[in-house]
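Novice:
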Amino acid sequence: MSDASTQRNLVMILARDLTSRLVMPAFVVDADGTLAYFNEAAEPVLGRTYAEAGELRAGEWATEWKPTDLDGMPLSLEELPLGMAFREGRPAHRAIRITGGDGVDREIEVTAFPLSPRRDQILGAVALFWERSPTER
Amino acid sequence: MRARIWGCRGTLASPGPETIRYGGQTSCIVLDLDDGSVVILDAGTGIRPYGMSLAGAHPRRVDLLLTHLHADHIEGLRFFSPFWDPDVEFRIWGPRAPAKGLEERMAPFFAPPFFPVHLRNVPSRPRFREVPDEPWTIGSATIQAEPIKHPGPAVGYRVEADDRSLAYLPDHEPALGADLRTMEDSWISGLGIARRADVLVHDCQYTVPEYEQRVGWGHSSTTDVVAFAERAEARRLVLFHHDPLHTDADLEGMLVDARSVRGAEPLDVELGYEGQTFALT
Numbered sequence: 008m009s010d011a012s013t014q015r016n017l018v019m020i021l022a023r024d025l026t027s028r029l030v031m032p033a034f035v036v037d038a039d040g041t042l043a044y045f046n047e048a049a050e051p052v053l054g055r056t057y058a059e060a061g062e063l064r065a066g067e068w069a070t071e072w073k074p075t076d077l078d079g080m081p082l083s084l085e086e087l088p089l090g091m092a093f094r095e096g097r098p099a100h101r102a103i104r105i106t107g108g109d110g111v112d113r114e115i116e117v118t119a120f121p122l123s124p125r126r127d128q129i130l131g132a133v134a135l136f137w138e139r140s141p142t143e144r
Numbered sequence: 010m011r012a013r014i015w016g017c018r019g020t021l022a023s024p025g026p027e028t029i030r031y032g033g034q035t036s037c038i039v040l041d042l043d044d045g046s047v048v049i050l051d052a053g054t055g056i057r058p059y060g061m062s063l064a065g066a067h068p069r070r071v072d073l074l075l076t077h078l079h080a081d082h083i084e085g086l087r088f089f090s091p092f093w094d095p096d097v098e099f100r101i102w103g104p105r106a107p108a109k110g111l112e113e114r115m116a117p118f119f120a121p122p123f124f125p126v127h128l129r130n131v132p133s134r135p136r137f138r139e140v141p142d143e144p145w146t147i148g149s150a151t152i153q154a155e156p157i158k159h160p161g162p163a164v165g166y167r168v169e170a171d172d173r174s175l176a177y178l179p180d181h182e183p184a185l186g187a188d189l190r191t192m193e194d195s196w197i198s199g200l201g202i203a204r205r206a207d208v209l210v211h212d213c214q215y216t217v218p219e220y221e222q223r224v225g226w227g228h229s230s231t232t233d234v235v236a237f238a239e240r241a242e243a244r245r246l247v248l249f250h251h252d253p254l255h256t257d258a259d260l261e262g263m264l265v266d267a268r269s270v271r272g273a274e275p276l277d278v279e280l281g282y283e284g285q286t287f288a289l290t
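Here it is as structure tokens:
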């Protein structure tokens with residue numbers, strides 16, 4: 008047959024289309040948890056471009072930005088909103104701290120949701136995030 | 010495998026003197042497989058004359074592959090003679106939807122006030138199957154379905170038999186949100202099932218100026234369909250789902266436009282028409 012197995016699922020394609028048009032920073036991972044895309048709005052928060060980052064596996068991106076809770080305790084993938092969205096198949100939200108690729112520490116709010124075209128299938132997940140203002144800290 | 014177009018008009022059946030060369034029946038292609046199996050792609054109004062052509066000699070089994078449930082792709086089914094034959098084993102395949110099953114979504118179309126006969130009373134007792142994620146076989150053919158860009162649940166199909174392939178994407182807008190010249194392959198809707206198809210039957214509803222006024226409606230322009238076919242490295246492109254407002258002369262102008270934007274590799278581009286056949290052997 009054809010190489011449709013290498014084709015991104017339409018839900019993923021639409022997720023990339025949508026997030027590429029948003030001013031809200033967004034991060035898209037596929038069914039394996041691999042970073043598939045982040046939009047231009049995410050670049051200043053993450054401190055690097057998607058072209059620089061490329062496709063990172065779950066274990067890689069989960070440590071790439073050194074996520075911690077607001078007290079500085081390191082967070083595992085499962086404790087991040089994207090990990091929770093995957094594990095539990097529902098939206099998840101948390102405030103965390105990251106270190107950008109530019110070396111700057113930032114506090115961000117993250118809301119993640121699974122990409123599930125049917126109840127027994129998670130094709131990926133999207134995280135929307137934004138930098139906390141000084142008054143929120 | 011032999012394929013015949015019984016309907017290639019989009020949106021609304023539009024018979025008349027201005028559409029006589031390419032036809033006014035809505036989407037339907039019939040595939041006769043070498044083992045005697047019959048696979049039908051969509052049930053637009055074109056399926057009715059196909060049924061009439063059988064003159065009562067119905068196949069024992071019919072597999073109908075629906076790309077989606079918009080009316081122009083199912084409106085002929087209620088008037089398709091094998092559908093009313095209790096001796097025909099009738100299977101209807103279609104896209105998954107997030108909540109309701111295929112049969113539940115089809116049923117209102119076969120119920121008052123839209124139709125006098127309930128789906129449960131159709132003599133062939135059709136069985137409904139949502140397309141699987143993986144390729145499957147019907148007779149001597151292997152079928153592959155892939156969700157594609159079109160409003161609501163919709164899939165394109167690839168049918169392979171005897172090492173020949175036909176890809177069918179009658180309603181598809183791959184250029185929505187994507188530059189088809191530069192986007193990576195894996196991010197282009199439908200490209201996987203269209204890859205190196207011997208025959209690619211693809212939506213070409215609009216001219217470029219028309220498309221600019223209809224972005225997001227789920228259809229393609231002449232320029233975009235050629236770009237898609239070239240990215241897919243298809244061997245032969247059949248322009249399909251003709252706009253009901255386009256006359257034969259309009260379509261021939263679109264064919265000129267489509268051929269003019271081809272790249273260095275010569276792509277065989279033609280207009281689909283009722284009665285057109287493809288011998289994929």
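Chains H and G are the protein sequences, given in the same order.
The numbering of the first sequence is the working numbering, which starts it at 8 and goes up by one.
The numbering of the second sequence is the working numbering, which starts it at 10 and goes up by one.
Built from N, CA and C at the ideal position, the CB exists for glycine as well.
Can you find at least 3 beta carbon pairs, one from the segment 240-258 of chain G and one from the segment 210-221 of chain G, that sit closer than 8 Å?
Specialist: As far as the Cβ criterion goes, the segment 240-258 of chain G touches the segment 210-221 of chain G, which means the pair count is three or higher.
Novice: Using only the alpha-carbon positions, how far apart do G/Arg-13 and G/Ile-56 sit?
Specialist: The residue you call residue 13 of chain G lines up with position 4 of the second sequence. The residue you call residue 56 of chain G lines up with position 47 of the second sequence. Their Cα atoms are separated by approximately 11 Å.
Novice: Is there a C-beta anywhere in chain G that falls below 8 Å from the one on H/Ile-115?
Specialist: Reading the first sequence from its first residue, position 108 is the one you call residue 115 of chain H. Judged by the 8 Å Cβ criterion, H/Ile-115 is not in contact with chain G.
Novice: For H/Thr-81, which residues in the same chain have their Cβ closer than 6 Å to its Cβ, ignoring the five residues on either side in sequence?
Specialist: Taking the first residue of the first sequence as 1, we reach residue 81 of chain H at position 74. One detail in the question is off: residue 81 of chain H reads as Pro in this sequence, not Thr. Only Thr-75 meet the Cβ criterion.
Novice: Would you please verify whether the beta carbon of G/Glu-155 is less than 8 Å from any beta carbon of chain H?
Specialist: Locating residue 155 of chain G in the second sequence gives position 146, counting from the first residue. Yes, G/Glu-155 counts as interfacial toward chain H.
Novice: Less than 8 Å between the beta carbons of G/Arg-173 and G/Asp-207, yes or no?
Specialist: On the second sequence, position 164 is the one that residue 173 of chain G refers to. On the second sequence, position 198 is the one that residue 207 of chain G refers to. Their beta carbons are under 8 Å apart, which means G/Arg-173 touches G/Asp-207 by this criterion.
Novice: In the DSSP assignment, find the unbroken alpha helix (DSSP H) run with G/Gly-103 in it and report its ends.
Specialist: Counting from 1 along the second sequence, the entry for residue 103 of chain G is found at position 94. Unbroken run through G/Gly-103 is the beta strand (DSSP E), 98-103; no alpha helix (DSSP H).
Novice: What does a CB cutoff of less than 7 Å around G/Pro-179 pick up in its chain, not counting 5 residues either side in sequence?
Specialist: For the purposes of this step, residue 179 of chain G is identified with residue 170 of the second sequence, where counting begins at 1. Counting only Cβ-Cβ distances below 7 Å, and skipping sequence neighbours, we find Ser-36, Asp-51, Thr-76, Val-210, Asp-212, Phe-249, His-250.
Novice: Output needed in chain order: residues of the segment 85-105 of chain H with a Cβ under 7 Å from some Cβ in chain G.
Specialist: Residues passing the 7 Å Cβ filter: none.
Novice: Just checking: is the beta-carbon of H/Asn-46 within a distance shorter than 8 Å of some beta-carbon in chain G?
Specialist: Along the first sequence, read from residue 1 onward, the residue named residue 46 of chain H stands at position 39. With 8 Å as the cut-off, H/Asn-46 does not count as an interface residue toward chain G.
Novice: Quick check: the Cα distance between H/Met-19 and G/Ile-197, rounded to an integer number of angstroms?
Specialist: The residue you call residue 19 of chain H lines up with position 12 of the first sequence. The residue you call residue 197 of chain G lines up with position 188 of the second sequence. Each residue's Cα considered, the two are about 11 Å apart.
Novice: Can you tell me whether G/Gly-291 is buried or exposed? The criterion is at least 16 other CB atoms within 10 Å of its CB, across all chains shown.
Specialist: Nothing about residue 291 of chain G can be read from this structure; chain G reaches only from 10 to 290.
Novice: Below 8 Å between beta carbons: does that hold for H/Pro-121 and H/Arg-97?
Specialist: In the first sequence, the residue the question calls residue 121 of chain H occupies position 114. In the first sequence, the residue the question calls residue 97 of chain H occupies position 90. Yes, they are a contact pair.
Novice: Rounded to whole angstroms, what's the CA-CA distance from G/Phe-237 to G/Arg-204? Just pull it up for me.
Specialist: What you label residue 237 of chain G is simply residue 228 of the second sequence in a count that begins at 1. What you label residue 204 of chain G is simply residue 195 of the second sequence in a count that begins at 1. Rounded to the nearest angstrom, the two C-alpha atoms are 10 Å apart.
Novice: For G/Val-247, does the count of other Cβ atoms within 10 angstroms reach 16, so buried, or fall short, so exposed?
Specialist: On the second sequence, residue 247 of chain G is found 238 positions in, with the first residue counted as 1. Its Cβ being crowded by 16 or more others within 10 Å, G/Val-247 is buried.
Novice: What whole-angstrom Cβ distance do G/Pro-104 and G/Ser-133 have, given they're in contact under 8 Å?
Specialist: Here residue 104 of chain G refers to the residue found at position 95 when the second sequence is read from its first residue. Here residue 133 of chain G refers to the residue found at position 124 when the second sequence is read from its first residue. Incorrect: roughly 21 Å between the Cβ atoms, too far for contact.
Novice: With hydrogens ignored, establish whether the beta-carbon of G/Ala-106 is closer than 7 Å to any heavy atom of the ligand ATP.
Specialist: The ligand ATP is not part of this structure, which contains no ligands at all.
Novice: Under a CB-based cut-off of 8 Å, is G/Trp-145 close to chain H?
Specialist: For the purposes of this step, residue 145 of chain G is taken as the residue at position 136 of the second sequence. Taking Cβ atoms only, chain H never reaches closer than 8 Å to G/Trp-145, which makes this a no.
Novice: If contacts are defined as beta-carbon pairs under 8 Å, then G/Arg-240 and G/Leu-189 qualify, I think. What distance do you get, rounded to the angstrom?
Specialist: As a working note, residue 240 of chain G is residue 231 in the second sequence. As a working note, residue 189 of chain G is residue 180 in the second sequence. About 6 Å; that satisfies the 8 Å criterion.
Novice: Tell me which residues share the same chain as G/Leu-42 and place their Cβ nearer than 8 Å to its Cβ, disregarding the 5 neighbours each side in the sequence.
Specialist: What you label residue 42 of chain G is simply residue 33 of the second sequence in a count that begins at 1. Once the five neighbours on either side are set aside, the close Cβ partners of G/Leu-42 are Met-10, Val-48, Ile-147, Gly-148, Ser-149, Ala-150, Ala-170.
Novice: Taking 8 Å as the threshold (C-beta atoms), are H/Ala-65 and H/Asp-39 in contact?
Specialist: Start at 1 with the first residue of the first sequence, and residue 39 of chain H comes out as number 32. Start at 1 with the first residue of the first sequence, and residue 65 of chain H comes out as number 58. Yes.
Novice: Give, in chain order, every unbroken run of the alpha helix (DSSP H) that is at least 4 residues long and sits entirely within the segment 68-126 of chain H.
Specialist: Here the runs fully enclosed are 88-95.
Novice: Determine which residues of the segment 199-211 of chain G have a Cβ less than 9 Å from any Cβ of chain H, and write them out in chain order.
Specialist: Taking 9 Å as the Cβ-Cβ cut-off against chain H, the residues of the segment 199-211 of chain G that qualify are Gly-199, Leu-200, Gly-201, Ile-202, Ala-203, Arg-204, Arg-205, Ala-206.
Novice: Give, in chain order, every residue of the segment 98-112 of chain G whose Cβ lies closer than 7 Å to some Cβ of chain H.
Specialist: Listed by position along the chain: Arg-105, Pro-107.
Novice: Please check if any C-beta of chain H sits within less than 8 Å of the C-beta of G/Gly-65.
Specialist: The residue given as residue 65 of chain G occupies position 56 in the second sequence. For G/Gly-65, the answer is no, since every Cβ of chain H falls outside 8 Å of its Cβ.
Novice: Three-state secondary structure (DSSP) at G/Tyr-31?
Specialist: On the second sequence, position 22 is the one that residue 31 of chain G refers to. It is coil, neither helix nor strand.
Novice: Quick check on the DSSP output: the beta strand (DSSP E) that includes G/Asp-171 runs from which residue to which?
Specialist: Here residue 171 of chain G refers to the residue found at position 162 of the second sequence. It is not in any beta strand (DSSP E) - G/Asp-171 carries neither H nor E in the DSSP assignment.
Novice: Helix, strand or coil: which one does DSSP assign to G/Trp-93?
Specialist: In the second sequence, residue 93 of chain G corresponds to position 84, counting from 1. G/Trp-93 falls in the helix class under three-state DSSP.
Novice: Please report whether the beta-carbon of H/Thr-75 lies at a distance below 8 Å from any beta-carbon of chain G.
Specialist: Taking the first residue of the first sequence as 1, we reach residue 75 of chain H at position 68. Taking Cβ atoms only, chain G never reaches closer than 8 Å to H/Thr-75, which makes this a no.
Novice: Using the beta-carbon of each residue, which ones in chain H are nearer than 9 Å to G/Gly-60?
Specialist: If you number the second sequence from 1, residue 60 of chain G lands on position 51. Chain H residues near G/Gly-60: none, gap ~30 Å exceeds 9 Å.
Novice: Alpha carbon to alpha carbon, how far is G/Arg-350 from G/Ile-101?
Specialist: Nothing about residue 350 of chain G can be read from this structure; chain G reaches only from 10 to 290.
Novice: Whose Cβ in chain G lies nearer than 8 Å to the Cβ of H/Asp-24?
Specialist: To locate residue 24 of chain H, count along the first sequence from 1; it is residue 17. What H/Asp-24 touches in chain G: Leu-185, Gly-186, Ala-187.
Novice: Exposed or buried, what is G/Gly-33 when buried is set at 16 or more other beta-carbons lying within 10 Å of its beta-carbon?
Specialist: Sequence index remark: in the second sequence, residue 33 of chain G carries index 24 (1-based). Its Cβ being crowded by 16 or more others within 10 Å, G/Gly-33 is buried.
Novice: Is it the case that the Cβ atoms of G/His-228 and G/Gly-199 are separated by a distance below 8 Å?
Specialist: Taking the first residue of the second sequence as 1, we reach residue 228 of chain G at position 219. Taking the first residue of the second sequence as 1, we reach residue 199 of chain G at position 190. No. Outside cutoff.
Novice: Who are the neighbours of H/Leu-17 on chain G, taking C-beta pairs under 7 Å?
Specialist: To locate residue 17 of chain H, count along the first sequence from 1; it is residue 10. By Cβ distance, chain G contributes Pro-156, Ile-157, Lys-158, Ser-198.
Novice: Please compile the residues from chain G whose C-beta is within a distance smaller than 8 Å of the C-beta of H/Arg-125.
Specialist: Start at 1 with the first residue of the first sequence, and residue 125 of chain H comes out as number 118. Under the 8 Å cutoff, chain G gives Arg-105, Pro-107.
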